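Engineer: Residue numbers (full-length UniProt numbering): 1 to 513. For glycine and all other residues, C-beta sits at the position ideal for the given N, C-alpha and C. Everything numeric in this text was worked out from a predicted model, so none of it was measured.
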Amino acid sequence: MSLLQRLEMRQGQALVMTPQLLQAIKLLQLSQLDLVAYVDAELERNPLLERIEGEGGEREAPEAAGEADRGFDGDGDGGEAESWLANDMAPDRTEIESRLDTRLDNVFADENPMPRESGAGDMLSLTPAPYGNTGGSFDGELPDFEATLTAETSLRDHLAAQLDIATAHPGDRLIGSFLIDSVDEAGYLRETVEGVAERLGAKLDDVARVLKLVQTFDPPGVAARDLAECLAIQLREQNRFDPAMEALVSRLDLVAKRDLAALRRLCGVDDEDLVEMLAEIRRLDPKPGRAFGTHPVEVLVPDVFVRAAPDGSWLVELNAEALPRVLVNQSYYARVSKGAVAEGDKAFLSECLQTANWLTRSLEQRARTILKVATEIVRQQDGFFLHGVTHLRPLNLKTVAEAIGMHESTVSRVTSNKSIGTSRGTLEMKYFFTAAIPGAAGGAAHSSEAVRHRIKQLVDAEASDVLSDDALVQRLRDEGIDIARRTVAKYRESLRIPSSIERRRERVAQSAR
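1) Out of Arg-454, Phe-384, Ala-202 and Ser-447, point me to the one whose CA is closest to Val-306's CA.
2) Is the distance from the Cβ of Leu-48 to the Cβ of Val-341 below 9 angstroms?
3) In or out: Lys-418 buried (at least 16 other Cβ within 10 Å) or exposed?
4) Name the one or two DSSP bridge partners that Val-369 has.
5) Expressed to the nearest angstrom, what Euclidean distance is found between the alpha-carbon atoms of Leu-189 and Pro-498?
6) Take Gly-187 and list the residues in its own chain whose beta-carbon comes closer than 8 angstroms to its own, dropping the five residues that flank it on each side.
7) Starting from Leu-260 and walking both ways along the alpha helix (DSSP H), at which residues does that stretch end?
8) Look up His-446 in the DSSP assignment and say whether it is helix, strand or coil.
9) Determine which residues share a DSSP beta bridge with Ala-308 and list them.
10) Within its chain, find whatever has a CB closer than 7 angstroms to the CB of Arg-393; leave out the 5 residues flanking it on each side and keep chain order.
11) Does the Cβ of Glu-276 lie closer than 8 angstroms to at least one heavy atom of the ligand ATP?
12) Taking Cβ positions, are Asp-271 and Leu-260 nearer each other than 9 angstroms?
13) Report yes or no: do the stretch 332 to 352 and the stretch 446 to 464 share at least 3 C-beta pairs separated by less than 8 angstroms?
14) What three-state label does DSSP hand Ile-175 in the structure shown?
15) Round the Cβ separation of Ile-420 and Val-304 to the nearest angstrom and send it over; I've been treating them as touching at under 8 angstroms.
16) To the nearest whole angstrom, what separates the beta carbons of Val-473 and Val-459, a pair I think is in contact under 8 angstroms?
17) Please list the terminal residues of the continuous beta strand (DSSP E) segment that includes Leu-327.
18) Once the 5 residues before and after Arg-258 are set aside, which same chain residues still bring their CB inside 6 angstroms of it?
19) Leu-179: which of Asp-478, Ile-165, Asp-469 and Leu-213 sits nearest, CA to CA?
20) What whole-angstrom Cβ distance do Val-414 and Val-373 have, given they're in contact under 8 angstroms?
21) Work out the CA separation of Val-183 and Thr-422 for me, nearest whole Å.
22) Taking buried to mean at least 16 other C-beta atoms within 10 Å of its own C-beta, is Met-9 buried or exposed?
23) Rounded to the nearest angstrom, what separates Arg-477 and Arg-51 at their Cα positions?
24) Of the residues Leu-363, Ala-435 and Gly-176, which one's Cα is nearest the Cα of Leu-211?
25) Under the three-state reduction of DSSP, which class applies to Leu-284: helix, strand or coil?
26) Near Leu-300, what residues of its chain come up, given a Cβ to Cβ distance below 7 angstroms and the 5 sequence neighbours on each side ignored?
27) If you count every other CB in all the chains shown that lies within 10 Å of the CB of Tyr-38, and 16 or more means buried, which is it?
28) Throw me the rounded Cβ distance for the Glu-42 and Leu-323 pair, which I believe falls under 8 angstroms.
29) Where DSSP assigns a beta bridge to Tyr-188, which residues make up the other side?
30) Run the CB neighbour count on Glu-117, radius 10 Å, all protein chains shown included, and call it buried at 16 or more, exposed below.
31) Suppose only complete runs of 4+ residues qualify. What are the alpha helix (DSSP H) ranges in the stretch 388 to 474, listed by chain order?
32) Could you pull the DSSP bridge partners for Ile-481 from this structure?
33) For Leu-495, does the count of other Cβ atoms within 10 angstroms reach 16, so buried, or fall short, so exposed?
34) Specify, as a first and last residue, the run of the beta strand (DSSP E) that Leu-49 falls within.
35) May I ask you to list the residues that DSSP assigns as paired with Val-183?
36) Evaluate His-387 with the Cβ neighbour count: other Cβ atoms within 10 Å of its Cβ, from every protein chain shown; 16 or more gives buried, anything less gives exposed.
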């Protein structure tokens with residue numbers, strides 16, 4: 001057998017994914033905010049793109065270019081930014097020493113730290129002096145309005161200010177600052193005492209002592225390592241952490257199960273005292289840090305509006321305010337291209353023109369596709385828009401894709417991060433795609449979301465008798481819904497409805513009050 005080299009020509013068909021096509025597919029699944037950020041970044045890079053002024057045109061997008069660069073570069077994993085963030089959140093010993101410009105051994109060299117308790121005079125001496133005259137500007141005029149605005153105080157700044165007053169020892173301040181940096185938004189410490197001591201090279205007893213100091217700061221319960229410690233700190237602040245309350249806090253699992261009999265035996269109290277203790281627990285704040293650094297609630301902006309037409313049908317229209325509107329400035333291109341002499345300039349202008357034309361076409365195609373998919377969803381779920389969630393039908397992506405002649409993956413991308421504004425509220429498009437629960441005796445299938453809603457209605461309508469999961473199964477089967485007990489339990493837990501035993505205990509506790 002001989003080996004020969006030869007050239008052959010073969011003809012075949014293959015799907016080639018160009019960069020423009022890949023980007024167009026990616027545009028489909030972007031949310032409204034991500035799309036605005038991406039378009040703003042393109043407006044900065046491409047001189048031939050121009051935003052349409054007027055209604056739905058000009059909009060503000062803070063730091064849009066930076067967000068677009070981070071969100072649309074490669075796989076979007078953050079790259080060096082995430083690496084920098086991880087290193088900044090967990091600095092090693094060398095980095096800490098470089099920031100302090102000294103060795104940690106020098107910081108913790110003092111074996112006889114200053115007393116932790118000081119008088120008013122000592123506290124005043126630790127207050128930093130103001131840096132210069134801040135009462136006005138250099139020319140003696142009053143500061144402008146922007147200079148008088150105050151920023152919102154974060155939890156870290158609030159705790160750091162108390163640390164500056166509580167201790168003047170440099171080692172304690174370093175440990176306290178590190179502990180404060182490890183407190184999350186809810187006010188809980190996410191570092192172990194052993195881990196902090198190992199990272200800083202400090203003694204374990206010193207870290208534990210400084211942690212006790214930080215736990216005395218405002219708000220009460222801050223820097224706790226778990227919920228039980230958070231509640232215990234707040235009860236000590238109120239001078240209510242007696243042995244009975246300590247036993248109650250140590251078994252919060254029984255409190256969650258509402259096992260009053262076991263709690264009475266554990267705490268050694270009667271029913272009346274136990275009810276009062278549970279009431280005190282409910283008045284405590286399980287997340288003491290949430291009062292600081294809260295962000296305003298972002299309103300979900302619908303991509304599509306659905307409203308009833310006079311003839312009884314439904315009108316589906318795009319939200320013009322949620323669509324960035326851009327155009328290609330052909331006159332500017334014609335004027336600039338005449339003066340372009342170098343080949344590099346001509347290539348740059350040609351690429352900008354091609355990119356601008358592609359972006360405008362992709363945005364138009366994206367809008368048409370969203371409208372087409374939303375119209376089919378409204379047609380399929382007509383009963384929901386008329387009568388509510390109880391008439392929600394089972395629906396999957398394949399059904400919609402076959403109805404509108406698109407691929408199932410395209411429908412999935414279109415419905416991701418999109419919402420529909422209805423008279424019943426703004427709902428995500430994915431909300432209308434639910435699994436099917438078979439009907440009893442071969443009846444019509446039911447939507448899983450409708451069944452979940454019916455379970456909630458049955459539990460809310462409980463009077464003296466508490467319905468068990470088996471009773472709920474029987475009620476649903478009487479209504480023509482063939483469902484298993486484990487499915488009812490799963491739906492009940494997703495609705496955060498306690499079990500029948502816990503609900504019965506809650507009824508007993510309420511009647512005892």
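Structural biologist: Short version:
1) Phe-384
2) no
3) buried
4) Note on identity: in this sequence residue 369 is Thr, with Val being the wrong assignment. DSSP output for Thr-369 lists no bridge partner at all.
5) 29 angstroms
6) Leu-155, Pro-219, Gly-221, Val-222, Ala-223, Ala-224, Cys-230, Lys-287, Pro-288, Gly-289 and Arg-290
7) 260 to 267
8) strand
9) Trp-314
10) Gln-380, Gln-381, Gly-383 and Ser-447
11) Within the structure as shown, the ligand ATP is missing, as the structure has no ligands at all.
12) yes
13) no
14) helix
15) 5 angstroms
16) With 8 angstroms as the limit, Val-473 and Val-459 do not qualify as a contact, their Cβ atoms being about 13 angstroms apart.
17) 326 to 328
18) Glu-502, Arg-505 and Glu-506
19) Leu-213
20) 5 angstroms
21) 41 angstroms
22) exposed
23) 58 angstroms
24) Gly-176
25) coil
26) Ser-419 and Thr-426
27) buried
28) That belief does not hold up - the Cβ atoms of Glu-42 and Leu-323 are roughly 15 angstroms apart, past 8 angstroms.
29) Ala-224
30) Note that Glu-117 scores 43 on pLDDT, short of 50, meaning its location in the model is unreliable; the coordinates nonetheless yield the value given after this. With fewer than 16 Cβ atoms within 10 Å of its Cβ, Glu-117 is classed as exposed.
31) 397 to 404, 408 to 415 and 448 to 460
32) Gly-439
33) exposed
34) 49 to 51
35) Leu-189
36) exposed
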